[in-house]
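K.L.:
Starting off with a structure, shown below.
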Amino acid sequence: MDATSTTTYPQKWQERFAFFEQHGAPNSPGFKEALKGLPSGQRRKITFNWLAWLFGPFYFLAVGMWRRALVAFGIAVAVGIVVSLLPDSVGNILSRGVGFGLAFLFGLTANYSYFLKERRGDNGWNLFEGMRW
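Shown next, in the form of structure tokens:
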């Protein structure tokens, strides 16, 4: 696939790619300011992926980011093991919160990770590359 052409992608991905091309990674100095200038729905479209939130590592696998899928799955398993070691009174409540937190994390990282894979040719292991934290 031609690395400079975005016309083969749906409109929402073309918009995301254009934004990342123009303003850089989420941890870039101008990214946050540029994001603030967008309407709320557009901001969400750029920064969050609902399918990744819903399906987690399986979404990363489905779009060809198998390395990041393995990392996401490993994080989920490791956190699940730690939470299962907690007493039942705390573990049941905490496991739901941690599950939603992980899902949110996957949703936040998916769009920029896909941009890196498709536009930069970087299909590496780092799930959090370019993120603000």
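Using the numbering used here, the first residue of the sequence shown is number 486, and each one after it goes up by one.
Where a beta carbon is used, it is the ideal one built from N, C-alpha and C, also for glycine.
This structure is a prediction, so every number in the text was calculated from the model and none was measured.
Using a Cβ-Cβ distance under 8 Å, would residue 545 count as near chain B?
P.N.:
No chain B is present in this structure, which holds just one protein chain.
K.L.:
Taking the C-alpha atoms as reference points, what is the distance between residue 515 and residue 508?
P.N.:
The residue you call residue 515 lines up with position 30 of the sequence shown. The residue you call residue 508 lines up with position 23 of the sequence shown. Spanning the two alpha carbons is a distance of roughly 6 Å.
K.L.:
Residue 545 lies in the alpha helix (DSSP H); which residues open and close that run?
P.N.:
Counting from one through the sequence shown, the residue named residue 545 turns up at place 60. Segment 542-547, the alpha helix (DSSP H) holding residue 545.
K.L.:
When the Cα of residue 505 is compared with those of 610, 606, 600, which residue comes out closest?
P.N.:
Within the sequence shown, numbered from 1, the residue matching residue 505 stands at position 20. Answer by Cα proximity: 600.
K.L.:
Leaving aside the five residues before and after residue 596 along the sequence, list all residues of the same chain whose C-beta is less than 6 Å from its C-beta, in chain order.
P.N.:
Along the sequence shown, read from residue 1 onward, the residue named residue 596 stands at position 111. Answer for residue 596: 501, 534, listed in chain order.
K.L.:
Could you give the DSSP three-state label for residue 614: helix, strand or coil?
P.N.:
The count along the sequence shown starts at 1 and reaches residue 614 at position 129. Residue 614 falls in the coil class under three-state DSSP.
K.L.:
How big is the Cα-Cα spacing for residue 486 and residue 554?
P.N.:
Your numbering for residue 486 matches position 1 in the sequence shown. Your numbering for residue 554 matches position 69 in the sequence shown. Low per-residue confidence applies at residue 486: pLDDT is 46, beneath 50, and the placement is therefore not dependable enough to give any value.
K.L.:
Decide if residue 493 is buried, meaning its Cβ has at least 16 other Cβ atoms within 10 Å, or exposed.
P.N.:
As a working mapping, residue 493 is identified with position 8 in the sequence shown. So residue 493 ends up on the exposed side.
K.L.:
Between residue 541 and residue 557, is the Cβ-Cβ spacing less than 8 Å?
P.N.:
For this step, residue 541 is matched to residue 56 along the sequence shown. For this step, residue 557 is matched to residue 72 along the sequence shown. Closer than 8 Å, so yes.
K.L.:
Give the C-beta separation of residue 538 and residue 582 to the nearest angstrom, bearing in mind that I take them to be a contact with Cβ-Cβ under 8 Å.
P.N.:
Position 53 of the sequence shown, counted from the first residue, corresponds to residue 538. Position 97 of the sequence shown, counted from the first residue, corresponds to residue 582. Actually they do not touch by this definition, with Cβ atoms about 15 Å apart.
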